[in-house]
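The listed protein sequences derive, respectively, from chains A and B. If you want our numbering, it's the position in the first sequence, counting the first as 1, plus 49. If you want our numbering, it's the position in the second sequence, counting the first as 1, plus 43.
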Amino acid sequence: MAAYLLRRLAWGGATVLGVLAFLFLLFFVYAKPEDVARRALGEKAPPEAIAQWRANHGYDKPAVWNPSHPFDTMLADHYRRMLGFDFGNSDADDVPIAKRLRQGVGPSLSLTLPLFALGLPLALALALLVAFFRETYIDRAGVVACVLAMSVSMLIYILGGQYLIGKLLRWFPISGFDASPALIARFVALPVLVGLLAGIGSDVRFYRAVFVEEASRDYVRTARAKGAGDGRVMARHVLPNAGIPILTNVVVEIPFLFTGSILLESFFGIPGLGSITVDAINANDFATLRVMVFLGALLFVAGQIATDLAYTLADPRVRLE
Amino acid sequence: MEAHVAQNAVAVGLAAGGAALALAARRSLLWREGLREVARRRPLALAVIAFFVAMALLASISWRDAAAAPGTLAVPRSALDRLFPADFQERSYSAPLAAVEFYGGAPLRHPGRHLLGTDILGRDVLQLALGGARVALLVGGLTSLIAIPLALLVGVPAGYFGGRLDDAVFFAISTLASMPSILLLIALVTAIGRGTVQVCVALAVTSWVHFARLARGETLKLRELDYVQAARALGASEARIVLRHIVPNLGHLVAITFVLTFSQLVLSEALLSWLGIGIDGSWGQMIDQARDELSRDPVIAWNLAAASTALFALILAVNRVGDAVRDVLDPRTLRERS
């Protein structure tokens, strides 16, 4: 177990190093620091200003090879700073990126936590219901409804939700955010509702497939032969056994609760990490984008390792070696 | 080469490639029967797709009028644009079938002829919505054309030969897969620049991961099967085994994944458009522009409705066909049904 965990961590670490190499190629080799400086300062910036800007951001060093000081290069800096979580300042407005991240995590979580806590049970319940009626018209209609829901672009859900609920019915504000406990629910309700709607189709379809596959197993027939009713078979036999594939799908999502939702946040004016990413796109802020992708990869790797561990806890047949 | 000529070449190339693939599929009994079964199950969805393909081809082929006034350079117009009058543009918004402009009420040049109204620049919404099919199919087609061959080129040898090569490929796949795809897309497009080809390349990188993982994993499995061993015992070369015995047996999985990825690609482009880094003329861009129109009073909905209906219709049709293709071609689902 310990040996497995060590190997898994080493592999995860190697992947993160690979991601950093990819980001270096993309943001330092392909997109040259001169271009980044020019985009930040404008096309007509004098060469001295560009040189000054590059010096301030540490983009004036040799890219990879510096014979006199082998570790005084942008590549070494890139690795040193990312792995040390010293993210430096934004390319666009020189605000420390770490400060932005700290401010953004709260609003992001206030959106993603309710979305996750409501979405998962809802999707599971609907999927269980549809799977309960498998091979009937209810099941077929449910699957078609899922495909219909999946075929609508997220943009339409957002625009439709804002227009219908925010503008016509006036239940909730169209957009905005206030972190005070009295107001936060009012502002988060609409994005959570829209997020639920947008995700429900593919989730229900996936979980239904899991349940239907479990329901065709031998132990289900045994349970039924012993006289268990349909409801009991579903709740006591199928649901726990389907838990393992569901677990793998869910655990890997948990780290991403911290990074929030790019679309929902920017559309509903929630100042979370997703909004920070959108602002970085619009401002050509490569430093912030780099950090966001790095953190995303880090969280993904963490989620994968957590999934493997959860697997051993949930399934006694799995032993990690 | 002029832009519209290159564009014509791409359209003709993609169409010819599609036709060649269809002909190749007809030669194999398995594929012919599979496709016939898909057509039997999903006639409507296939008709919708065929309609959009036709519109996309019409919108892709463009040429200049020979009889341009001397001294002026005629703008190349596509075959789709030629179905509409030449100066079909109004000055601003007009409602569907209206005779006057939406704001101010000035008379239109073509009263009652704009079936779906006009947008903020006075362009005919129906014309824009049909033209959006070109971008959508280009996004799905060109991206797959980049991603699938590269994935096979890398994934199949990795799975077949194993060893260091496989380690390297597996590392590349897991590195790319560990970046959340929307963030990876955003990073790629901002770094390599905005434009049709750039967006397709960025989408190809993210979808390459799927295809490469699939090709590698399936080759690993096929390599051990008896018929491959038999081919080897009969003295077939490695190249022959890979090209004649392994790659054709990946065909159905690639086809299934292609159709299921296609709708994801088109939806991703819509998201990129909304983030301001999409492709000009796409439905996503029309939806993006329609954002402010919903907050106007009275609401301007025809622009948004046309783009989102077109997007929804294509995605739904592709998803339905994708499900049928999977049911028909995937031997695993076959076993589940029987």
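Backbone N, C-alpha and C define an ideal beta-carbon position, used for all residues, glycine too. Because the structure is a prediction, the values reported are computed rather than measured.
Confirm, please, whether the CB-CB distance from Asp124(B) to Ser170(B) is below 9 angstroms.
Taking the first residue of the second sequence as 1, we reach residue 170(B) at position 127. Taking the first residue of the second sequence as 1, we reach residue 124(B) at position 81. Note that residue 170(B) corresponds to Gln in the displayed sequence, not to Ser. In contact: Gln170(B) and Asp124(B) (Cβ atoms closer than 9 angstroms).
So, for Gly278(A): in the same chain, excluding its five sequence neighbours on each side, which residues have a beta-carbon less than 6 angstroms away from its beta-carbon?
Taking the first residue of the first sequence as 1, we reach residue 278(A) at position 229. Counting only Cβ-Cβ distances below 6 angstroms, and skipping sequence neighbours, we find nothing.
Just checking: is the beta-carbon of Leu226(B) within a distance shorter than 9 angstroms of some beta-carbon in chain A?
By one-based count along the second sequence, residue 226(B) stands at place 183. At least one chain A Cβ lies under 9 angstroms of Leu226(B).
Closest residue to His127(A) among Gln152(A), Phe73(A), Arg87(A) (Cα-Cα distance)
In the first sequence, residue 127(A) corresponds to position 78, counting from 1. His127(A) has its Cα closest to that of Phe73(A), out of Gln152(A), Phe73(A), Arg87(A).
Run through chain B and tell me which residues come within less than 8 angstroms of Val340(A), C-beta to C-beta.
Locating residue 340(A) in the first sequence gives position 291, counting from the first residue. None at all; the shortest Cβ gap to chain B is about 11 angstroms.
Own chain partners of Ala279(B) with C-beta closer than 8 angstroms, once the 5 adjacent residues on each side are dropped
The sequence position of residue 279(B) within the second sequence is 236, counting from 1. Within the same chain, Ala279(B) has close Cβ partners Arg287, His288.
Taking the CB atoms as reference points, tell me whether Gln211(A) and Val243(A) lie closer together than 9 angstroms.
The residue you call residue 211(A) lines up with position 162 of the first sequence. The residue you call residue 243(A) lines up with position 194 of the first sequence. Contact flag set, yes.
Strictly by DSSP, which residues pair up with Ser187(B)?
As a first step, residue 187(B) is located in the second sequence; it is residue number 144 there, counting from the start. DSSP, once it has assigned bridges, lists no residue as partnering Ser187(B).
Could you give the DSSP three-state label for Asn51(B): helix, strand or coil?
Here the question's residue 51(B) lines up with position 8 in the second sequence. Three-state DSSP puts Asn51(B) in a helix.
Going by CA-CA distance only, name the one from Gln50(B), Glu133(B), Pro200(B) that's closest to Tyr146(B).
For this step, residue 146(B) is matched to residue 103 along the second sequence. When each option's Cα is compared against that of Tyr146(B), the closest is Glu133(B).
Cβ-Cβ distance between Ala332(A) and Ala141(A) below 9 angstroms:
On the first sequence, position 283 is the one that residue 332(A) refers to. On the first sequence, position 92 is the one that residue 141(A) refers to. Yes, Cβ-Cβ distance for Ala332(A) and Ala141(A) is below 9 angstroms.
Along the stretch 304–328 of chain A, where does the CB come closer than 9 angstroms to a CB of chain B? Name the residues.
Phe305, Thr308, Ile311, Leu312, Ser315, Phe316, Thr326, Val327
Relative to chain A, which residues along the stretch 356–367 of chain B have a C-beta separation below 8 angstroms, given in chain order?
Ile358, Leu359, Asn362, Arg363, Asp366
Can you tell me the Cβ-Cβ gap for Leu364(B) and Leu89(B), rounded? I've got them flagged as a contact below 8 angstroms.
Within the second sequence, residue 364(B) is the residue found at index 321, counting from 1. Within the second sequence, residue 89(B) is the residue found at index 46, counting from 1. Before going further, note that residue 364(B) is Val rather than Leu in the sequence given. About 6 angstroms; that satisfies the 8 angstroms criterion.
Just curious, the alpha helix (DSSP H) that Pro96(A) is in, first and last residue?
Translated into the one-based positions of the first sequence, residue 96(A) becomes position 47. 96–106 is the extent of the alpha helix (DSSP H) around Pro96(A).
Mind listing which residues of the stretch 88–107 of chain B have their C-beta closer than 7 angstroms to chain A's C-betas, in chain order?
none
Classify Asn138(A) as helix, strand or coil using the three-state DSSP reduction.
Position 89 of the first sequence, counted from the start, is the residue given in the question as residue 138(A). Residue state, collapsed to three classes: strand.
Whose C-beta lies closer than 7 angstroms to the C-beta of Gly318(A) among residues of the same chain, with five residues either side of it excluded?
Sequence index remark: in the first sequence, residue 318(A) carries index 269 (1-based). Ser224, Gly225, Phe226.
Quick one: does Ile235(B) have its CB under 9 angstroms from some CB of chain A?
If you number the second sequence from 1, residue 235(B) lands on position 192. Output row for Ile235(B): interface = yes.
Take the Cβ of Trp102(A) as the centre, count every other Cβ of all protein chains shown within 10 Å, and call the residue buried at 16 or more, exposed below.
Sequence index remark: in the first sequence, residue 102(A) carries index 53 (1-based). Trp102(A) is buried by the Cβ-count criterion.
Please report how far the alpha carbon of Leu228(B) lies from the alpha carbon of Thr249(B), in whole angstroms.
By one-based count along the second sequence, residue 228(B) stands at place 185. By one-based count along the second sequence, residue 249(B) stands at place 206. The alpha-carbon atoms of Leu228(B) and Thr249(B) are separated by roughly 7 angstroms.
With which residues is Thr308(A) paired in a DSSP beta bridge?
In the first sequence, the residue the question calls residue 308(A) occupies position 259. Bridge partners of Thr308(A): none, in fact.
Relative to the C-alpha of Arg237(B), which residue among Arg177(B), Arg156(B), Asp323(B) is closest?
Taking the first residue of the second sequence as 1, we reach residue 237(B) at position 194. The candidate whose alpha carbon is nearest that of Arg237(B) is Asp323(B).
What is the DSSP secondary structure of Arg129(A), reduced to helix, strand or coil?
The residue labelled residue 129(A) in the question sits at position 80 within the first sequence. Here Arg129(A) sits in helix by DSSP.
Using the rule of at least 16 other Cβ atoms within 10 Å of the residue's Cβ for burial, across every protein chain shown, is Asp331(B) buried or exposed?
Locating residue 331(B) in the second sequence gives position 288, counting from the first residue. Asp331(B) should be labelled buried.
If you draw a straight line from the alpha carbon of Gly77(B) to that of Leu358(A), how long is it in whole angstroms?
Taking the second sequence and counting its residues from 1, one reaches residue 77(B) at position 34. Taking the first sequence and counting its residues from 1, one reaches residue 358(A) at position 309. Between Gly77(B) and Leu358(A), the C-alpha separation is close to 41 angstroms.
Contact with chain A by Leu169(B), beta-carbon distance below 9 angstroms:
Working through the second sequence from its first residue, we reach residue 169(B) at position 126. No, Leu169(B) lies away from the interface with chain A (no Cβ there is under 9 angstroms from its Cβ).
Taking its Cβ as the centre, do 16 or more other Cβ atoms sit within 10 Å of Asp210(B), making it buried, or is it exposed?
Position 167 of the second sequence, counting from 1, holds the residue named residue 210(B). When all chains shown are included, Asp210(B) counts as exposed.
is_contact[Gly278(A), chain B] using C-beta, thresh 9 angstroms:
As a first step, residue 278(A) must be located in the first sequence, where it is residue number 229. Not closer than 9 angstroms to any Cβ of chain B, the Cβ of Gly278(A) fails to qualify, so no.
Indicate whether at least one CB of chain B lies closer than 9 angstroms to the CB of Gly67(A).
Position 18 of the first sequence holds residue 67(A). Yes, Gly67(A) counts as interfacial toward chain B.
9 angstroms Cβ cut-off: residues of chain A touching Ile320(B):
To locate residue 320(B), count along the second sequence from 1; it is residue 277. Chain A residues near Ile320(B): Ile330.
Where Ala247(A) and Ala172(B) are concerned, what is the direct C-alpha to C-alpha distance, given to the nearest angstrom?
As a position in the first sequence, residue 247(A) is number 198, starting the count at 1. As a position in the second sequence, residue 172(B) is number 129, starting the count at 1. The straight-line gap from Cα to Cα measures roughly 23 angstroms.
Can you say whether Pro156(A) is buried or exposed, counting buried as having 16 or more other CB atoms within 10 angstroms of its CB?
On the first sequence, residue 156(A) is found 107 positions in, with the first residue counted as 1. By the neighbour-count rule (16 or more Cβ atoms within 10 Å), Pro156(A) is buried.
So the alpha helix (DSSP H) Tyr268(A) belongs to, where does it begin and stop?
Position 219 of the first sequence, counting from 1, holds the residue named residue 268(A). Here the alpha helix (DSSP H) through Tyr268(A) covers 267–274.
Considering only the alpha carbon of each residue, which of Leu188(B), Arg256(B), Asp162(B) lies closest to Pro200(B)?
Start at 1 with the first residue of the second sequence, and residue 200(B) comes out as number 157. Closest by alpha carbon: Arg256(B).
Pull out every residue of the stretch 301–321 of chain B whose Cβ sits closer than 8 angstroms to any Cβ of chain A, in chain order.
Ser306, Leu310, Ala313, Leu314, Trp317, Leu318, Gly319, Ile320
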